[in-house]
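The end of the sequence shown is residue 213 by our numbering, with every number in the run present.
Only one structure is covered here, and it is reproduced in the block below.
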Amino acid sequence: MPSDRRSRKRLVTRQAISNVATQLFFERGFDQVTVDEIAAAADVGRMTVFNYFPRKEDLFFDRDEEGRELLQEAFRQCDPKVAPIEVLRLFAHRLVAQQSPYVEFSARSQGFIETIENSETLKARARAIRDELAQVVTEALAESVGTEPADPVAHLAAGLVLATWSVAFIQAHRTFRQGRDANEATAMFLDLVDRGASGLRAALAGTPYA
């Protein structure tokens with residue numbers, strides 16, 4: 004949390020706009036809500052909304068940048084003796100232990116998923132975010148072992164990691180939707196991440212990433 008008053012106020016305003024937008028998206032669907040309606044509900048001007056969120060989709064995926072920073076921080080703070088693939092596996096477990104909203108499987112998170120499923124615009128943005136995250140992971144992996152981001156093996160590793168996490172995430176939400184049991188859904192997520200990590204270690208054997 005920033006220490007200066009102005010920055011704190013900006014964060015509060017940003018979060019208030021995001022909260023209003025999210026509620027409207029959940030109630031009516033992403034494509035049925037306009038930026039003007041969000042501005043009016045948040046009691047701010049239209050341009051104020053765009054000052055904080057350049058695209059309408061950013062109002063929905065408002066934690067995207069924070070998630071990337073957490074991912075990069077996991078590599079910066081890791082033990083250099085720990086293999087990069089293991090860093091990512093441990094990162095997933097840490098998010099769960101910290102009850103991070105990124106790995107929340109609940110009635111609220113179902114609203115988030117269903118809103119995406121009902122909007123082609125959000126589905127397209129979710130795919131783009133996945134591709135952008137793959138690049139972030141590629142660069143973090145390469146940097147962690149002292150190679151160039153162009154390393155084909157780094158790209159392979161990042162693609163496999165993102166595929167693993169995507170499957171784990173989707174199946175965990177599906178598990179919650181079926182049984183409404185958050186513990187069961189979380190266990191499913193971690194089990195698939197762990198299984199994927201085992202496969203990654205085999206696929207990347209003989210490389211510095213494993």
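All C-beta atoms in this analysis are idealised placements derived from N, C-alpha and C, irrespective of residue type, glycine included.
Apart from sequence neighbours up to five positions away, no residue of its chain approaches residue 61 with a beta-carbon distance below 6 Å. Counting of Cβ neighbours within 10 angstroms places residue 160 among the buried residues, the total reaching 16 or more. Note on geometry: alpha-carbon atoms of residue 42 and residue 65 lie some 16 Å from one another. Of all alpha-carbon atoms in 114, 15, 21 and 209, the one lying nearest the alpha-carbon of residue 176 is that of 114. In chain order, 199 place their CB closer than 6 Å to the CB of residue 167, counting only its own chain and leaving out the 5 sequence neighbours on each side.
Closest in C-alpha terms to residue 140, from the list 83, 162, 122 and 149, comes 162. The way I'd put it, the region 199 to 212 does touch the region 75 to 88; three or more beta-carbon pairs between them come closer than 8 Å.
Counted as a single uninterrupted DSSP element, the alpha helix (DSSP H) harbouring residue 44 occupies residues 38 to 45. About 4 Å separates the beta carbon of residue 157 from that of residue 145, a gap short enough to meet the 8 Å contact definition. The DSSP-derived three-state label of residue 135 is helix.
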